[in-house]
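Residue numbers (my numbering), protein chains in the order written: chain A, 3 to 789; chain B, 151 to 418.
Backbone N, C-alpha and C define an ideal beta-carbon position, used for all residues, glycine too.
A short worksheet on the structure shown next.
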Amino acid sequence: MTATGIGASVRRKEDQRFVTGRGHYVDDLTRPGQAYAYFLRSPHAHAVIRAIDTGAARAKPGVLAVLTGEELAADKVGGLICGWMIHSKDGTPMKAGPHPALAQGKVRYVGDHVALVVAESLAEAKDAAEAIQVDYEVLPAVVDAGATQTSGVQIHEVAPDNTVFRWHLGDKSAVDQAFANAKHVTKLDITNNRLVPNAIEPRAAIGEYDPGSDSFTLYTTSQNPHVARLVLSAFIGIAPEHKLRVIAPDVGGGFGSKIFIYAEETVCLWAAKKVGRPVKWTCDRMEAFLCDAHGRDHVTHAEMALGEDGRILALRVSTIANLGAYLSTFASSVPTYLYAPLLSGQYDIPAIYCEVDGVYTNTAPVDAYRGAGRPEATFVVERLVEVAARETGMDPAKFRKRNYIKKFPHQTPVIMTYDAGDYHASLAKALELADYNGFSRRKRESARNGKLRGIGFSSYIEACGIAPSAAVGSLGAGVGLWESAEVRVNPTGSIEILTGSHAHGQGHETTFAQLVSDRLGVSIDTVSVVHGDTDKVQFGMGTYGSRSGAVGMSAIYKAIDKVIAKGKKVAAYVMEASEGDIEFKDGKFSVAGTDKSVGFGDIALQAYIAHKFSGQELEPGLKEGAFYDPTNFTFPAGVHICELELDPDTGIVAIAKWTAVDDFGVLINPMIVEGQVHGGVAQGVGQALHEGAVYDQSGQLVTASYMDYQMPRAIDLPSLTVGMTVTPCPSNPLGVKGCGEAGAIAAPAAVINAITDALGHEDIAMPATPQAVWRAAQKARMPIAAE
Amino acid sequence: MYAFAYHRPTSVRQAANLLGKLDEAKIVAGGHTLLPTMKQRLAAPANLVDLNGVNELRGIERSGRSVTIGAMTTHAEVAESADVKAAIPALAELAEMIGDPAVRHRGTIGGSVANNDPAADYPAACLALGATIVTNKRKIAADEYFKGLFETALGDGEIVTKVSFPIPQKAAYMKFRNPASRYALVGVFVAKRAAEIRVAVTGAGQNGVFRWAAAEEALKKRFAAKSLEGLAHPAEGLNGDIHADVTYRAHLIGVMARRAVAAATDRE
C-alpha cells in the first residue's frame, strides 16, 4: 500500500474546490441565449382542472412560451415512470395511475405541476404565471396513509381504495404457528414520520436543443445521469438515447432525492426544443419542500413472539406505506423489497411475515431517502426488541446477544443471505465505548438535577450495494444494478478513472484515487475521476444505496486488473522478457529473479509510443474497462447507543453521548467513513427528534419552509464516538460493504429507545419534539391507575 | 419580488419627507421580515425607504437612569455593548439570543419594535422594562405602544428613532425557541424596578406581547422563583400551532417565568 492507498485518511481532494466556492453546480452554469422557466403549481391538493386560460400570460412582457399538459400530450411526451414492478398477494400487478409531467385534467397534490412559463427572466416568468387563469373544481383530499383506503376519495381511476398494491413476504402459516406457541408477545403501533430530503443544493435543470445535430443536452442535479437519460429516452420519449446527453456536474447532496426523474427536468428538456432556447429552472426552497420526493411515511402494527428463554420465535408486521399522489421512479421498491427483507435485523428469527399496502394520498410522492426502507425496518425491529427485553425483564444488551446470528452465511426467512458479520464484537465494543456499566450512576446524577436520563440501543443491519442484477430483476426491478468503470492511463502516466458512480458529497474523487494509488503505486495527485456526463462515461447505474464503494469501486478494481495485465505485456516487450516472468509490485514492472524493472509511468509511455512492439499482435495504448455485477448484497451492520437527558419541565431532549460501532468491512478512507457516520446520525437524529412533514387535512403542507420544518443543527448533537469493527465483505474484491446510510438507519431507534427508557413508558412517536416529550413526561409522572 | 423604487435618505427628516410624498412607501431597516415577504410576492411596496444611511439613528447612550438605543442599532451592537452589558445585562443577553450572527448584524432594534412580530424578543424587554419608544414626532410609553399582532401606535409616516430603557434593579430574559424558526415560542422578560415588578411574555399571546399580572402580583411579595411555584398561566388567549398547543405554551410561560426570576436573582 502507498501513503495515499487503501486505509489512509487522506484529506478530500475535492474540498478545496467546494469550500472556496469554486464548484460548478447546475445553477452556476449559464448557456448562451438561456431563458428561464417557472412552474405554476397547484394550490389545491385534489382538483379537476376544468380549463386553463394562458392568453393573458402569453401577452406578458418577456414571455417566450406558456405550456400546459395539453401541449405535452400533443407532442406525445410520455408520463413519468415507476421502474419497479410490485405484484399484490393475488398476483395482480401494482395499480399505477398516469403521471404526466404537466397535469392533464386533474391535480393530485399541492405543488403538482400545472403549467410552465418560459421567459427572458425569472421575474417575467413569475409575473406571467400569475396571469394564468385556472378553473379548478376542488375535490375532497386525503393525506393520511392510515385513512386513505377508507376515505371515499378516489385519487387515480386505476386504483380503487387508493391502493397501489397489497404485497406480502414470508411464511404466514409458520408465523401464525409460532405465535400460537409463544410465551410472550410484544406488540407495537409505529408511525415512521414523513421526511423532506433537504439537500443543501436544490434541484436544477437546463434543457438545451441543438437543431444542427437534432440532439438534446440536459444539465441536471442527478445521482444517476445515465439512468435519467435511459428513462427520458426509452420511456418518456424526449429523444433517442444517442441524441441525448445528460450532464450532472457538481451536485450538492442528494440523499436519494436526486435519483428520480422528475417532471421539471423532463419539461425543461422538452421546452428547450419548443422555444428554441436553452431553458433553465432552479428549484427554490419552498418548491423543494412541496415537490422533491419525500421519505418514509409508514403506519405499522408489529408483533414479536418470544419463547421461554427470551428467544425470538417470529415476527409479524403489517404496514401501510404512503406513496403520495403519484408513483415516483423507485417508489414501489422502497416499502417492499428494501423494507421487509431487512426485518430479520441481526437476529436469528425462524419465521417472519410482513404485509404492506402501498397507498396513494394527496401528498408529494414518496420515494427513497437515505436508507430507503431499511431505516423503517430497523426501527420496527429495534423498537420491538427493546420493548420485548423490557417486558420480559431482560437487559436489552443481553436480550440482543441471546438472539444474535452467530454463524455465517445465514439465510433469513425473508430472502437475504447474510454473508459475514460479528454482531457480538460490535456490541461488546459499543458497550465499552459507551461506558454502559456507568449508566446507572449517571442516571442518578441526572435525577438529582431534575432530569430524566435514558439509554437506547440500535443493532441495525442494512443491505447495500444494491445488488446482483439477477436478484433485483427477479424482485421486479426494471434495471440491472451493476456498475461500470474505465481506467485510462495517459502517455505521461497520469490516470483518468471514468465511473458510472456519481459523487454528490461522498468524496469519490479521493477514495477512488486511493484505490488506484494503492493498486498501481502512483500518487493520488496523478489520478482524476471523471463522472456525471453521459458523453464522457459509458453507461453506468449511479450512486445510491451505499453502492459506490462495493459496486462502483469493484468495477474500477476489475479494470485495474486488466490494466496491470496489459502493462505486463508491454513490459515484456520493453524488457525483452517473457510475459509470464513479469511481476507488478509497488508501481514497478520487473522481471522475476532479476534486478530489471521499469516504472509504471514508463510502461504507460511505451504503451503509447509502441516503438518496441510495432507490428506485433499487442495493441498500442493503455486503457481498460470493466463492468462489475456483485454476487450478493452487502450487509453493513453495527450497534449505536444513544444516551440522553430530558428535561421533564420543558420536554427538551439533550443527547449526552452517542456511540457508533459499525462494521463496514474494509475501510478505504476512515476519515471519510467517519464523516458519513456523522452525517447519517445527524439525519437519523433529525428524524427522531425534529423533522416531520405535516399536511393539514385539506392537503396543505404546513411545514413548507424552515420556519416550521426543523433540521438538525450542530447544537443538537454531541461529539460522536465512532468505533469500527471489520469483517471483510466476501462478495467483492475490496471487502467493502458501504457506509453511506448506516447512521440514518441506526439512529432513530436508538433515540426513541433512549427516550422511552428515560420516560419509563413506550408512548411516544417520532418526531419526539419538545411538546411531544413534555406531554409524554406528564404521562410518566401520573400515578399509574390500578390495572 | 415585484419591482419597486429604492430610496436611501441620510437624515430622519429626509426619510420622513419621502414617506410623506411617496405612495405605498415602506421603511426598511434590517429587512428581515419585509424582504422575505417581498420575495414571496406577499408584499409589494412601490417604494422602499432604506434607513441604513441615516447615521443619526445609530448608537447607544447611557445616562444615570437609562440606556437609550438608536433605532438602527443592530442586535449585535446591543449584545456587545459594554454599556448595555453593565446597565441592563438582560437586554444584551436578549439581543444575543436573536436569530443567528447574520441576522444579528443586519437586524435592528427599531425594525423589531416597529414590526412588532408576536414572536419577537424586543417587545418583551420594552414592556417589562417600561421602555419609551421615541419617534420623529413623539414619545410613546411601551404600555401604549404595542397594540396587537404586527400593530403598534405608530401613525402614518412616523419613524421610530430610539428606544429608551430605564435601568432596572434586576432583570432577566428566558426564551424557549421555536424548534424550527428559533423565534420565541415563549419568551418571558422579568424586571424589578424600584416602583414595580413586571413580567412580559412574548411568542405566546394571540395579540402579541402581554404582561402576566398574576405573576407580577406574586413576585411583589418576594422577588424569587419560589413565589411563582404553582402559578399557572391560563391557556385562554394563547397561540396554538404544530410546535406548541395552548396548553403547552401556557405551561412554558410558567417555566420560563420561574427560570427568568431565578436568573435575575442569581445575577448578584
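Give the secondary structure of residue i by DSSP, where H, G and I count as helix, E and B as strand, and everything else as coil.
i	result
residue 11 of chain A	coil
residue 179 of chain A	helix
residue 398 of chain A	helix
residue 680 of chain A	helix
residue 283 of chain A	strand
residue 365 of chain A	coil
residue 628 of chain A	strand
residue 789 of chain A	At residue 789 of chain A the pLDDT is 38, less than 50, meaning the model places this residue with poor confidence; the figure from the coordinates comes in the next sentence. Residue 789 of chain A falls in the coil class under three-state DSSP.
residue 23 of chain A	coil
residue 405 of chain B	helix
residue 644 of chain A	strand
residue 83 of chain A	coil
residue 204 of chain B	coil
residue 41 of chain A	strand
residue 261 of chain B	helix
residue 663 of chain A	strand
residue 404 of chain A	helix
residue 301 of chain A	strand
residue 135 of chain A	strand
residue 391 of chain A	helix
residue 145 of chain A	coil
residue 225 of chain B	helix
residue 186 of chain A	strand
residue 417 of chain B	coil
residue 442 of chain A	helix
residue 781 of chain A	helix
residue 413 of chain A	strand
residue 575 of chain A	helix
residue 169 of chain A	strand
For residue i and residue j, which I take to be in contact (beta-carbon distance under 8 Å), what is that distance rounded to the nearest angstrom?
i	j	result
residue 731 of chain A	residue 737 of chain A	5 Å
residue 352 of chain B	residue 270 of chain B	6 Å
residue 360 of chain A	residue 315 of chain A	Not quite, the Cβ-Cβ distance comes to about 28 Å (not below 8 Å), so this is no contact.
residue 176 of chain A	residue 353 of chain A	4 Å
residue 370 of chain A	residue 336 of chain A	5 Å
residue 367 of chain A	residue 290 of chain A	About 13 Å separates the two Cβ atoms, so there is no contact after all.
residue 478 of chain A	residue 355 of chain A	About 19 Å; that fails the 8 Å criterion.
Applying a beta-carbon distance threshold of less than 9 Å, which residues of chain B neighbour residue i?
i	result
residue 546 of chain A	Near residue 546 of chain A there are no residues of chain B at all, since even the closest Cβ is about 28 Å away, more than 9 Å.
Counting only Cβ pairs nearer than 7 Å, list the residues of chain A close to residue i.
i	result
residue 326 of chain B	652
residue 405 of chain B	651, 652
What in chain A is Cβ-close to residue i, meaning under 8 Å?
i	result
residue 162 of chain B	Those within 8 Å of residue 162 of chain B in chain A number zero; the least Cβ separation is about 33 Å.
residue 402 of chain B	652
By the criterion of Cβ-Cβ separation under 7 Å, what are the contact partners of residue i in chain B?
i	result
residue 692 of chain A	329
Comparing the CB of residue i with every heavy atom of the ligand HEM, is any distance shorter than 7 Å?
i	result
residue 234 of chain A	With respect to the ligand HEM, the structure offers nothing, as it holds no ligand at all.
Closer than 9 Å by beta-carbon distance: list the chain A residues that pair up with residue i, in chain order.
i	result
residue 423 of chain B	The structure shown does not extend to residue 423 of chain B, since chain B spans only 151 to 418, so no value can be given for it.
By the criterion of Cβ-Cβ separation under 8 Å, what are the contact partners of residue i in chain B?
i	result
residue 696 of chain A	392
- Message: What ranges does the alpha helix (DSSP H) occupy inside the segment 683-768 of chain A, keeping only unbroken runs of at least 4 residues that lie completely in it?
- Response: 744-761
- Return the chain-ordered ranges of every alpha helix (DSSP H) run that is complete within the segment 305-378 of chain B and spans a minimum of 4 residues. 363-371
- Members of the segment 704-723 of chain A near chain B, C-beta cut-off 7 Å: Under the 7 Å Cβ criterion, the segment 704-723 of chain A contributes 704, 708, 709, 710, 711, 712.
- Message: By the 9 Å beta-carbon criterion, what residues does the segment 377-396 of chain B contribute toward chain A?
- Response: 391, 392, 393, 394, 395
- Query: Going along the chain, which residues of the segment 760-780 of chain A sit with their C-beta nearer than 8 Å to a C-beta in chain B?
  - Reply: Shown in chain order are the members of the segment 760-780 of chain A whose Cβ falls below 8 Å from a Cβ of chain B: 771, 772, 773, 776, 777.
- Query: Along the segment 559-587 of chain A, what residues have a CB closer than 8 Å to any CB found in chain B?
  - Reply: none
- Message: To be precise: take each residue of the segment 665-691 of chain A, compare its Cβ to all Cβ atoms of chain B, and keep it if any distance is under 9 Å. Which residues remain?
- Response: 691
- Task: Could you pull out every unbroken alpha helix (DSSP H) segment of at least 4 residues lying fully inside the segment 203-288 of chain A, listed in chain order?
- Result: 227-232, 265-277
- Scan the segment 45-123 of chain A and note each continuous beta strand (DSSP E) run of 3 residues or more that stays entirely inside, going in chain order. DSSP runs (the beta strand (DSSP E)) wholly in the segment 45-123 of chain A: 49-55, 65-70, 115-121.
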